[in-house]
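Heads up: the sequence shown at position 131 corresponds to 123 in the working numbering, and the numbers run straight through without jumps. So the structure is just underneath, and the comments pick up after that.
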Amino acid sequence: MPVFCAAFTGLDWGTMESFYDAVGGEDTFRALVHGFYTRVREDDLIGPMYPVDDWEGAEDRLRWFLAQYWGGPQTFSAERGHPRLRMRHHPFVIGEAERDRWLEMMKASLDEIDSDTLDDAHRAAVWEHMERVANMLINHSEAMPHPHAHPH
-7 MPVFCAAFTG LDWGTMESFY DAVGGEDTFR ALVHGFYTRV REDDLIGPMY
43 PVDDWEGAED RLRWFLAQYW GGPQTFSAER GHPRLRMRHH PFVIGEAERD
93 RWLEMMKASL DEIDSDTLDD AHRAAVWEHM ERVANMLINH SEAMPHPHAH
143 PH
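Encoded structure:
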């Protein structure tokens, strides 16, 4: 039994095909995540939050997470346990600027996936998920500083 999953969105109930399979499975999520990390490596705002000596591992973990969430293999849970996203991201100062940059790079990567692979309905579902998660991970604002933030 998966720990977390959005395997069936209502888009594919007729065939009971998972969202993951409907959008091309591993190849699609590999392309999405690789395109994102290609941008992150060059980014001066959020790039430093990622492990310089483990880009490949970071890509794997995000790909596993997304694949499992959308009904693919349960690799994330098998390798990492429950996602605990807020806990895993707590050490990093994540405000609106960081959220916006993350979303900008994820959107650019998502836009590179052709419409035959990711139709409008599936693309909208993925984007809604990305926005929801990015907003959930904000842990810093001018009104509520992050405990690890350094004053400017």
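Don't be surprised by glycine CBs; every beta carbon is placed ideally from N, CA and C. Computed from a predicted structure; not experimentally measured.
Practice task
Use the C-beta contact count for V32: other C-beta atoms within 10 angstroms, 16 or more gives buried, fewer gives exposed.
Solution key: As a position in the sequence shown, residue 32 is number 40, starting the count at 1. It is buried - the Cβ of V32 has at least 16 other Cβ atoms within 10 Å.
Practice task
State the start and end residues of the unbroken alpha helix (DSSP H) segment that holds F57.
Solution key: Translated into the one-based positions of the sequence shown, residue 57 becomes position 65. Looking at the DSSP string, the run of the alpha helix (DSSP H) that includes F57 is 47 to 61.
Exercise for the section: Would you check if the distance between the CB atom of V85 and the CB atom of H132 is smaller than 8 angstroms? Expected result: In the sequence shown, residue 85 corresponds to position 93, counting from 1. In the sequence shown, residue 132 corresponds to position 140, counting from 1. In this structure, H132 lies closer than 8 angstroms to V85 by Cβ.
Practice task
Return the CA-CA distance between P43 and Y29, expressed in angstroms with no decimal places.
Solution key: Start at 1 with the first residue of the sequence shown, and residue 43 comes out as number 51. Start at 1 with the first residue of the sequence shown, and residue 29 comes out as number 37. If you take the alpha carbons of P43 and Y29, they lie about 11 angstroms apart.
Problem - M97, buried or exposed, once every other Cβ within 10 Å from all chains shown has been counted against 16 - result: One-based indexing of the sequence shown puts residue 97 at position 105. M97 sits buried, since 16 or more C-beta atoms from the chains shown fall within 10 Å of its C-beta.
Exercise for the section: Report yes if the C-beta distance between R53 and R22 is below 8 angstroms; otherwise report no. Expected result: If you number the sequence shown from 1, residue 53 lands on position 61. If you number the sequence shown from 1, residue 22 lands on position 30. Cβ atoms of R53 and R22: not closer than 8 angstroms.
Problem - Beta-carbon gap between V15 and L110 smaller than 8 angstroms - result: The residue given as residue 15 occupies position 23 in the sequence shown. The residue given as residue 110 occupies position 118 in the sequence shown. In contact: V15 and L110 (Cβ atoms closer than 8 angstroms).
Problem - Rounded separation between R151 and D92 - CA only - result: Beyond the ends of the chain as shown, which are -7 and 144, falls residue 151; an answer cannot be given.
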